[in-house]
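Heads up: the structure comes next, in structure tokens.
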Amino acid sequence: MSIDIETARKVAHLARIKVEEDHLPTLAQGFNDILGFIEQLNEVDVEGVEPMTSVTPMRLRRRADVVTDGDQQEKVLSNAPDAREGFFAVPKVVE
Amino acid sequence: MTDLNTLTIAQARDGLRAGDFTSVELTQSCLKAVEVSDALGAFVHHTPEIALKQAGEADTRIAAGDAPDMCGIPLGIKDLFCTKGVPSQAGSAILEGFRPEYESTITQNMWDDGAVMLGKLNMDEFAMGSSNETSTYGNAVNPWRRGNDDTALTPGGSSGGSASAVAADLCLAATGTDTGGSIRQPAAFTGITGIKPTYGRCSRWGVVGFASSLDQAGPMTKSVRDAAIMLESMCSYDPKDSTSAEIPVPNFEAMLTGDIRGKKIGIPREYRIDGTPAEIEKLWADGTQMMRDAGAEIIDISLPHTKYALPAYYVIAPAEASSNLARYDGVRYGHRAKLEAGDGINEMYEKTRAEGFGPEVQRRIMVGTYVLSAGFYDAYFNRARRVRALIKKDFDQVFASGIDAILTPSTPSAAFGLGEVTEADPIQMFLNDVFTVPVNLAGLPGISVPIGLDKTGLPLGLQLIGRPYEEGDLLNFAHVLEGAAGFVSKPGKWW
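First to last, the protein sequences are chains A and B.
First residue of the first sequence? That's 2 in the numbering used here, and the numbers climb one at a time after it.
First residue of the second sequence? That's 9 in the numbering used here, and the numbers climb one at a time after it.
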């Protein structure tokens, strides 16, 4: 499997990371190096083996569906790059 | 009197109780050492006011009697831990200016026990790296050098600042985290002890996530006894971490009996890798003999899927990272790129993440995005998780056959020079973790103990791997190995 520049562009977009056009070939090459290394996994017979979801067999604990936290608007917003009137502010998303 | 900053936790605990010195004096001694340590790049945020306040309170508590072992002990905290009101950046520019409104469970546990925070420690960005060269703060530097050669060496990574700080006696101990070897490899490179406990032992709450199914925090210390003392303070069942283990935390120090007679130590043949330096082979053979001399039975074992641990790791860890790091979007905290007129929300995300993440983190996020993308999920991610199940089964079978612990080298080399393993060859850098990664994939406890020096005078370590949740026994094996090796060397001070 070889990654071309088009795929590299698509992956960068999916990851929401801006990659300059002239850097895409280097990026694609970097992916190919790593994927080449990963290809070794194809040698392993994994027939009938379940993909591991957790190192210790455990069921996620449940708790009562009640409010345990909240009323911390100021703290929640304290690190925001742009907070206004009690909200996170972002560029306009709907025209 | 010895400089107080050179003491171990155990020595300081005993000295504080005997009234030989106060925590304020001990803390001042460390702060003084930190002040003149810029060349090491270890401490990246300094908190002397917090330290002296905590030390004063610790002295009151010790004077009143019945203080916990960690009371009054000055520590360095890896930048990955959220510490309330104190910068916590995970070594990344994207979290510049972030001051958490909360405290990680682990650090809270230690402050509750009276420990003292000297500041935050350097690390690879988001713990992704094995040489501390991906940090936004710049490199951390190993206090050890090759003889009289003044080439700057890596302290290892990702917990490079922690390793450098402990080895250079800037603090009594430090917290580290280990996703693929990030406690054990730097511990080995700097001649200190580092333990990664069983997955679930230490709460991940408030520790910035990299690969959540692999991440575990642990102590980096000057002795195995110190590791036992500090680990007990760090561990707890935490309802805020859904993978936290709900089992009691024993008194690990009390389990250091020094008696391992009749115990079975496995030597895995797959850990003999082409290209491993003869010195490391010899170190391993010497360590094996030390365990035999202590009365343990040495047994050759096989972990057949070892060779596939690194490739499986480099699918699973980036996949989980791509998901974990999606939260850095320039909205809730940290950096946001300056936008141009007409830029929308997507441009904000893409520019923010391009500016905020360094090249290694970007690469791993994108590899993770790729292996999780439609059409490749089964071929890469699910296959890697199947191989992971086989790697864990290898260990399960070995332990089921009666093996009590496994002895291996910690690293395939001694510390290398900063810049010697370049970014151009990420695979070469990955190979640093060849002996440590399988332990994370299987969720097992692993400890690196300093054993000896190579011919250039650099420290080398051996790793012991234990049964799940049996850190007490594992520490006891390490304690025996430490005693037999008698490693007492310290780096000569040049910084």
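Ideal placement from N, C-alpha and C gives every residue a C-beta, glycine not left out.
Whose Cβ in chain B lies nearer than 8 Å to the Cβ of residue i?
{"i": "residue 51(A)", "result": "394, 397"}
{"i": "residue 58(A)", "result": "Ordered by position in chain B, no residue passes the 8 Å Cβ test against residue 58(A), which lies about 11 Å from the chain."}
{"i": "residue 29(A)", "result": "Neighbours of residue 29(A) on chain B: none; closest Cβ ~10 Å, over 8 Å."}
Determine the chain B residues that contact residue i at a beta-carbon separation under 7 Å, and present them in chain order.
{"i": "residue 35(A)", "result": "322, 375, 434"}
{"i": "residue 13(A)", "result": "374"}
{"i": "residue 88(A)", "result": "Those do not exist, as residue 88(A) stays about 11 Å from chain B at its closest Cβ, beyond 7 Å."}
{"i": "residue 79(A)", "result": "109"}
{"i": "residue 92(A)", "result": "347, 351, 352, 353, 356"}
So, is the C-beta of residue i closer than 9 Å to a C-beta in chain B?
{"i": "residue 1(A)", "result": "Since the first and last residues shown for chain A are 2 and 96, residue 1(A) lies out of range."}
{"i": "residue 73(A)", "result": "yes"}
{"i": "residue 6(A)", "result": "no"}
{"i": "residue 85(A)", "result": "no"}
{"i": "residue 44(A)", "result": "yes"}
{"i": "residue 22(A)", "result": "no"}
{"i": "residue 25(A)", "result": "no"}
{"i": "residue 68(A)", "result": "no"}
{"i": "residue 9(A)", "result": "yes"}
{"i": "residue 65(A)", "result": "no"}
Shorter than 9 Å from the beta carbon of residue i to some beta carbon of chain A?
{"i": "residue 100(B)", "result": "no"}
{"i": "residue 61(B)", "result": "no"}
{"i": "residue 359(B)", "result": "yes"}
{"i": "residue 211(B)", "result": "no"}
{"i": "residue 353(B)", "result": "yes"}
{"i": "residue 450(B)", "result": "yes"}
{"i": "residue 482(B)", "result": "no"}
{"i": "residue 390(B)", "result": "yes"}
{"i": "residue 105(B)", "result": "yes"}
{"i": "residue 365(B)", "result": "yes"}
{"i": "residue 53(B)", "result": "no"}
{"i": "residue 319(B)", "result": "yes"}
{"i": "residue 300(B)", "result": "no"}
{"i": "residue 335(B)", "result": "no"}
Who are the near neighbours of residue i in its chain, counting only those whose CB is closer than 7 Å to its CB and skipping five residues on each side?
{"i": "residue 33(B)", "result": "12"}
{"i": "residue 20(B)", "result": "34, 81, 180"}
{"i": "residue 121(B)", "result": "76, 78, 79, 241"}
{"i": "residue 214(B)", "result": "89, 90, 110, 111, 112, 113"}
{"i": "residue 244(B)", "result": "113, 117, 211, 257"}
{"i": "residue 167(B)", "result": "86, 131, 184, 185, 190, 191, 194, 228"}
Would you mind telling me which residues of chain A sit closer than 7 Å to residue i, beta carbon to beta carbon, in chain order?
{"i": "residue 250(B)", "result": "61, 62"}
{"i": "residue 500(B)", "result": "Under the 7 Å cutoff, chain A gives no residues; its nearest Cβ is about 39 Å from residue 500(B)."}
{"i": "residue 338(B)", "result": "82"}
{"i": "residue 417(B)", "result": "Here the premise fails: no neighbours, minimum Cβ distance about 22 Å."}
{"i": "residue 400(B)", "result": "53, 56"}
{"i": "residue 112(B)", "result": "Near residue 112(B) there are no residues of chain A at all, since even the closest Cβ is about 16 Å away, more than 7 Å."}
{"i": "residue 341(B)", "result": "80, 81"}
Mind pulling the chain A residues with CB within less than 8 Å of residue i?
{"i": "residue 440(B)", "result": "Those do not exist, as residue 440(B) stays about 14 Å from chain A at its closest Cβ, beyond 8 Å."}
{"i": "residue 425(B)", "result": "What residue 425(B) touches in chain A: nothing, since even the nearest Cβ is about 23 Å away."}
In chain order, what residues of the same chain lie with their CB nearer than 8 Å to the CB of residue i, ignoring the 5 residues before and after it?
{"i": "residue 407(B)", "result": "475"}
{"i": "residue 434(B)", "result": "368, 371"}
{"i": "residue 37(B)", "result": "11, 12, 13"}
{"i": "residue 298(B)", "result": "488, 489, 492, 493"}
{"i": "residue 265(B)", "result": "484"}
By Cβ distance, which residues of its chain are closer than 6 Å to residue i, with the 5 residues on each side in sequence left out?
{"i": "residue 423(B)", "result": "150, 161, 162, 197, 466"}
{"i": "residue 218(B)", "result": "134, 135, 187, 329"}
Using a cut-off of 9 Å between C-beta atoms, extract the partners of residue i located in chain A.
{"i": "residue 218(B)", "result": "Under the 9 Å cutoff, chain A gives no residues; its nearest Cβ is about 16 Å from residue 218(B)."}
Under 9 Å between C-beta atoms, does residue i make it to chain E?
{"i": "residue 202(B)", "result": "The displayed structure is made up of protein chains A and B, and chain E is not among them."}
- Quick one: which unbroken beta strand (DSSP E) runs of 3-plus residues sit fully inside the segment 254-334 of chain B? Chain order, please. 272-276, 305-309
- Message: Quick check for students: name the residue ranges of the beta strand (DSSP E) that lie wholly in the segment 111-157 of chain B, counting only runs of 3 or more.
- Response: 124-129
- Message: For a minimum of 3 consecutive residues, which ranges assigned as the beta strand (DSSP E) are wholly contained in the segment 384-434 of chain B?
- Response: For the segment 384-434 of chain B, whole beta strand (DSSP E) runs of length 3 or above, ordered along the chain, are 413-417.
- Contiguous alpha helix (DSSP H) assignments of at least 4 residues, all confined to the segment 9-97 of chain B: 17-26, 31-43, 56-72
- Task: Return the chain-ordered ranges of every beta strand (DSSP E) run that is complete within the segment 211-256 of chain B and spans a minimum of 3 residues.
- Result: 224-229
- Inter-stretch contact (C-beta, 8 Å, three-pair minimum) for the segment 68-80 of chain B and the segment 90-108 of chain B: no
- Message: Under 8 Å, with one C-beta from each stretch per pair, do the segment 192-211 of chain B and the segment 235-251 of chain B reach the 3-pair mark?
- Response: Flag = yes, the segment 192-211 of chain B and the segment 235-251 of chain B touch.
- Message: If contact is defined by three or more beta carbon pairs under 8 Å, each pair taking one atom from either stretch, is the segment 457-469 of chain B in contact with the segment 191-199 of chain B?
- Response: yes
- Query: Is it true that the segment 363-377 of chain B meets the segment 326-342 of chain B, where meeting means three or more beta-carbon pairs spaced less than 8 Å apart?
  - Reply: Touching, yes, given that three or more Cβ pairs across the two stretches are closer than 8 Å.
- Query: Three or more beta-carbon pairs under 8 Å between the segment 370-384 of chain B and the segment 261-278 of chain B, yes or no?
  - Reply: no
- Could you say if the segment 314-322 of chain B and the segment 53-62 of chain A meet the contact criterion of at least three C-beta pairs nearer than 8 Å? no
- Item | At least three beta-carbon pairs within less than 8 Å, the segment 260-272 of chain B to the segment 385-395 of chain B | no
- Message: For the pair the segment 178-192 of chain B and the segment 133-151 of chain B, tell me if three or more CB-CB distances fall below 8 Å.
- Response: yes
- Item | Given 8 Å, three or more beta-carbon pairs between the segment 46-53 of chain B and the segment 141-157 of chain B | The segment 46-53 of chain B makes contact with the segment 141-157 of chain B: 3 or more CB pairs, one atom from each, lie closer than 8 Å.
- Task: Identify every run of the alpha helix (DSSP H) within the segment 34-84 of chain A, keeping only runs that are complete inside it and at least 4 residues long; order them along the chain.
- Result: 74-78
- Task: May I ask you to verify whether the segment 75-94 of chain A touches the segment 334-351 of chain B, counting CB pairs closer than 8 Å and requiring at least 3?
- Result: yes
- contact_flag[the segment 357-366 of chain B, the segment 222-233 of chain B] where n(CB pairs < 8 Å) is 3 or more: The segment 357-366 of chain B vs the segment 222-233 of chain B: no contact.
- Message: Does the contact criterion of 3 or more C-beta pairs under 8 Å hold for the segment 42-53 of chain A versus the segment 434-446 of chain B?
- Response: Touching, no.
- When the Cβ atoms of the segment 307-315 of chain B are set against those of the segment 403-417 of chain B, are three or more pairs found closer than 8 Å? Yes, since at least three Cβ pairs between the segment 307-315 of chain B and the segment 403-417 of chain B fall closer than 8 Å, the two stretches touch.
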